[in-house]
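Chains as they are written, first to last, in our numbering: chain A, 7 to 508; chain B, 7 to 508.
By construction, the Cβ of each residue, glycine as well, lies at the ideal position given by its N, Cα and C atoms.
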């Protein structure tokens with residue numbers, strides 16, 4: 007029972023179909039905003055909890071800052087505001103009142119407020135009060151929050167006007183320490199993406215012209231979606247003293263001299279969920295990696311006659327108690343009994359479309375045999391008949407295998423589809439100018455990444471725009487070899503990743 | 007080393023002093039908003055996690071809805087908007103642009119958006135799409151989110167323009183089921199307050215004129231602060247079919263007829279943290295109940311000479327590993343080693359002002375003796391010298407004792423200060439008209455609760471306003487006896503709780 011729209015037929019429509027059939031999110035009457043439904047939000051909560059532990063292990067603490075930022079804060083930060091001014095929600099009034107027979111905004115504010123698109127400016131203001139001496143540094147803060155960017159072409163999870171994210175903000179006594187922090191957090195993002203989301207990424211640095219507004223350096227992780235486009239999955243910014251200077255985060259250093267602090271910021275958002283969908287989902291619907299699945303094992307009772315219920319439910323309840331002693335990935339297992347008044351076959355297909363890793367079907371015959379039927383999301387259409395003991399002794403390994411398989415499958419696909427044989431601007435244009443090759447399961451698809459040389463000049467951005475591609479990053483594993491810039495044909499040594507992107 | 011401002015001297019100044027010295031929150035440059043600092047936010051995260059488990063155990067699921075609500079949604083709900091119109095943040099523009107040489111709001115929206123003061127209207131819109139048949143009911147949703155109410159006299163945690171909360175929203179097939187849900191969630195709030203926050207409460211129903219705007223019935227829990235004022239700590243609303251009718255949440259019932267659903271909503275906010283402060287803090291600073299303490303045990307290394315460090319830290323690290331096998335309240339213990347470059351005595355006082363339940367001081371001599379010095383937040387100035395084994399075998403019990411003691415102390419204080427001997431309007435006026443009695447530790451304080459009769463008539467609200475008090479609730483444990491209304495002197499049977507309030 008595959009989805010109405012197949013991935014190979016119409017990729018964007020397939021994506022919408024997966025989100026909707028998995029019941030993860032929906033468009034809202036609030037223009038450009040989304041409702042994140044329980045299955046989608048449960049995935050986000052899992053990502054949050056796993057990342058929170060990484061943040062704690064690297065000595066960061068959570069805090070919460072106001073979402074309204076006075077407009078004057080942006081007026082001080084020319085480069086920063088330039089990057090966000092075109093997509094800001096502005097609060098101008100503080101009440102409603104009846105006017106001309108209808109409720110209208112009233113109580114104009116003296117100073118308009120911006121709903122945070124990101125919090126560097128307002129957090130820097132707090133840091134300026136918290137930091138006096140080098141002994142107060144580093145300050146290592148993370149915030150989980152909603153943010154707003156007035157997107158004109160919204161798309162569930164990938165681009166909505168309001169979205170959820172985490173934003174780390176830190177201040178340090180030296181540039182070296184701040185740079186090390188920036189890279190440490192990029193590594194946390196790589197780990198999150200590859201180990202928790204099973205989504206392989208390329209790590210690198212953004213070209214100068216594509217940095218975060220106000221940053222000295224922007225590092226990123228880039229993932230490859232199943233249509234060969236790139237998704238920026240997380241960014242980590244070394245801000246130098248730029249924000250410290252405009253917010254006056256200054257401290258007395260060890261030499262007893264005043265100095266501006268060195269700050270960083272880094273963030274990932276609910277966009278990651280869009281990345282997970284486009285990395286793992288298939289024509290049967292969503293596939294959720296076990297580490298971030300709200301439920302890893304779903305139990306569907308198969309009850310044809312009412313008199314079976316007591317017996318079957320007692321057996322299932324005992325099984326759940328036994329299952330709950332299991333700890334896949336060293337964590338408590340997450341098990342759900344689906345007791346709804348629906349046909350068991352309909353429930354099975356719902357959980358398939360939602361991408362729950364393992365579904366167990368249990369009816370009166372299974373109770374008699376002390377067994378169950380197991381279905382694995384990666385092998386839709388197949389089933390295994392197991393004894394209870396076989397399940398209990400293998401369930402951790404089964405979940406861990408699914409997680410590993412998902413990563414390996416995605417990694418193989420990415421590696422296969424990074425072209426490094428394109429050497430000249432002519433070949434490059436020919437490649438991105440037409441429908442491009444994309445290899446999976448021996449079939450040819452649409453487009454892939456190209457790894458090749460770049461001369462490092464901002465002027466080449468025009469050529470990228472013309473071809474509707476971008477430099478995703480300058481990957482960390484630079485070869486240093488000489489070659490020709492794929493855009494200009496000039497001599498170049500920098501390796502770049504070129505791709506279409508979301 | 008007590009606080010600059012004592013509780014008995016100036017209660018409001020003492021409150022600010024506790025919040026600031028415990029480093030829990032601060033006022034922001036964003037007018038009327040607060041910065042929740044790591045220690046305050048950590049307490050909120052603990053409350054969130056504990057409540058989340060209660061919500062899950064009662065079959066609720068978390069989801070997330072847009073924070074921007076089109077103004078037209080409020081225009082449909084006359085009674086609801088009436089209650090919130092005077093304190094709404096209104097978004098009217100979607101970008102900034104240079105005008106007259108400075109950045110100004112630009113791109114006026116066709117329809118202004120309200121930043122949610124509460125989400126009944128927008129969530130009801132989603133429910134109307136999710137619900138078709140009685141088989142789709144109940145819908146049991148919770149949201150953790152920020153909300154905005156344009157308070158004119160903000161106060162940290164108690165009243166800020168933006169605050170954090172959870173809001174439950176449910177839809178049911180019958181009024182009875184929805185009413186049962188409303189009461190069930192009030193019981194979750196009672197449990198949260200009494201068992202997790204150690205804050206005793208009175209449960210009851212609000213008078214008709216003080217209900218949530220748009221509700222049929224509003225239930226509440228009310229707590230007594232250390233100045234004798236009441237704090238509304240949580241509310242649970244039975245909304246009848248009011249919101250279902252205006253949002254068209256209709257379903258085909260078992261009799262195959264269309265019917266509007268019955269909805270509920272219920273919420274608690276970061277205001278609870280204000281309640282915890284005013285229930286437990288003292289002249290030494292904050293006191294955090296162990297169940298919601300970000301750290302339950304803080305270890306302060308006492309290092310006079312650099313050469314002791316390795317030895318002492320090795321001992322502490324072993325101790326932490328052993329401590330982490332302990333499970334007070336059936337949960338993982340939360341332990342922190344304070345390694346900062348500060349004097350150990352300063353660290354001790356910091357943790358005292360933050361209200362960490364247990365502090366362990368460990369120096370070279372303790373390492374030699376295989377022991378430690380334990381300090382309990384409830385006995386500032388005292389210390390116990392323990393062997394490591396004595397600590398390990400008693401730490402769970404010690405934390406559980408602190409939790410119980412805090413609740414019992416607060417409960418005794420509340421019970422002592424509910425006056426039920428005031429029988430006539432004259433006595434009542436005399437009581438609330440002057441500085442009133444308040445009993446603690448044998449000393450007479452300012453004001454208390456009065457439990458007495460009320461005639462149930464809305465007109466009596468004028469007398470309450472004049473005396474600057476309110477009816478906090480009509481408690482669940484009604485006696486049904488006859489008496490005189492304390493406001494009007496008329497015959498009355500309803501029991502009410504009268505008090506000053508936050």
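6 Å Cβ shell around residue i - same chain, five flanking residues per side excluded
{"i": "residue 491 (chain B)", "result": "459, 460, 461, 498"}
{"i": "residue 93 (chain A)", "result": "155, 156"}
{"i": "residue 118 (chain B)", "result": "77, 96, 98"}
{"i": "residue 303 (chain A)", "result": "341, 364"}
{"i": "residue 357 (chain B)", "result": "304, 365"}
{"i": "residue 103 (chain A)", "result": "112"}
{"i": "residue 353 (chain A)", "result": "306, 344"}
{"i": "residue 122 (chain B)", "result": "73, 75, 153"}
Closer than 8 Å to chain B by CB, residue i
{"i": "residue 49 (chain A)", "result": "no"}
{"i": "residue 27 (chain A)", "result": "no"}
{"i": "residue 82 (chain A)", "result": "no"}
{"i": "residue 448 (chain A)", "result": "Because the pLDDT of residue 448 (chain A) is 46, which lies under 50, any placement of that residue in the model is unreliable, and the number read from its coordinates should be weighed accordingly. It does not; no Cβ of chain B falls within 8 Å."}
{"i": "residue 91 (chain A)", "result": "yes"}
{"i": "residue 156 (chain A)", "result": "yes"}
{"i": "residue 477 (chain A)", "result": "no"}
{"i": "residue 1 (chain A)", "result": "Residue 1 (chain A) lies beyond the residue range present for chain A, which begins at 7 and ends at 508; the question has no answer from this structure."}
{"i": "residue 99 (chain A)", "result": "yes"}
{"i": "residue 509 (chain A)", "result": "For residue 509 (chain A) there is no data in the structure shown, the boundaries of chain A being 7 and 508."}
CB contact check: residue i to chain A, cutoff 8 Å
{"i": "residue 442 (chain B)", "result": "Reliability of the predicted coordinates at residue 442 (chain B) is poor, the pLDDT of 49 falling under 50, and no value is obtained from them."}
{"i": "residue 178 (chain B)", "result": "no"}
{"i": "residue 370 (chain B)", "result": "no"}
{"i": "residue 94 (chain B)", "result": "yes"}
{"i": "residue 39 (chain B)", "result": "yes"}
{"i": "residue 301 (chain B)", "result": "no"}
{"i": "residue 175 (chain B)", "result": "no"}
{"i": "residue 22 (chain B)", "result": "no"}
Contact list for residue i against chain B, beta-carbon separation under 7 Å
{"i": "residue 67 (chain A)", "result": "44"}
{"i": "residue 128 (chain A)", "result": "36"}
{"i": "residue 262 (chain A)", "result": "None at all; the shortest Cβ gap to chain B is about 16 Å."}
Start and end residues, alpha helix (DSSP H) containing residue i
{"i": "residue 322 (chain A)", "result": "315–329"}
{"i": "residue 18 (chain A)", "result": "17–27"}
{"i": "residue 407 (chain B)", "result": "394–422"}
{"i": "residue 299 (chain B)", "result": "That residue, residue 299 (chain B), is in no alpha helix (DSSP H); it is neither H nor E in DSSP."}
{"i": "residue 436 (chain A)", "result": "431–439"}
Spatial neighbours of residue i in its chain, beta-carbon cut-off 8 Å, leaving aside the 5 residues before and after
{"i": "residue 330 (chain B)", "result": "338, 339, 341"}
{"i": "residue 143 (chain B)", "result": "137, 177, 178, 179, 257, 267"}
{"i": "residue 448 (chain A)", "result": "The pLDDT assigned to residue 448 (chain A) is 46, lower than 50, so where the model puts this residue is not dependable, and the model offers no usable value."}
{"i": "residue 493 (chain B)", "result": "431, 434, 460, 461, 466, 469, 470"}
{"i": "residue 456 (chain A)", "result": "424, 425, 426, 428, 434, 437, 438, 492, 503, 504, 505"}
Chain B residues whose Cβ lies nearer than 9 Å to that of residue i
{"i": "residue 87 (chain A)", "result": "102, 109"}
{"i": "residue 141 (chain A)", "result": "346, 347, 348"}
Chain-ordered neighbours of residue i on chain A, where CB pairs are closer than 8 Å
{"i": "residue 344 (chain B)", "result": "Here the premise fails: no neighbours, minimum Cβ distance about 12 Å."}
{"i": "residue 2 (chain B)", "result": "Since the first residue of chain B shown is 7 and the last is 508, residue 2 (chain B) is not available in this structure."}
{"i": "residue 168 (chain B)", "result": "72, 73, 74"}
Residues near residue i in its chain [Cβ-Cβ closer than 7 Å; skip 5 each side]
{"i": "residue 467 (chain A)", "result": "215"}
Neighbour list for residue i in chain A, Cβ cutoff strictly below 7 Å
{"i": "residue 131 (chain B)", "result": "35"}
{"i": "residue 118 (chain B)", "result": "111"}
Limits of the beta strand (DSSP E) - the one that residue i falls within
{"i": "residue 225 (chain B)", "result": "223–230"}
{"i": "residue 501 (chain A)", "result": "500–505"}
{"i": "residue 285 (chain B)", "result": "Counting along the chain, residue 285 (chain B) falls outside any beta strand (DSSP E), though it belongs to the alpha helix (DSSP H) covering 277–286."}
{"i": "residue 264 (chain B)", "result": "264–266"}
{"i": "residue 481 (chain B)", "result": "476–481"}
* To do: Counting only runs of 4+ residues fully inside the stretch 75–163 of chain A, write out the alpha helix (DSSP H) ranges in chain order.
  => For the stretch 75–163 of chain A, whole alpha helix (DSSP H) runs of length 4 or above, ordered along the chain, are 77–81, 84–90, 126–136.
* Quick one: which unbroken beta strand (DSSP E) runs of 3-plus residues sit fully inside the stretch 168–254 of chain B? Chain order, please. => 168–178, 207–211, 223–230, 236–246
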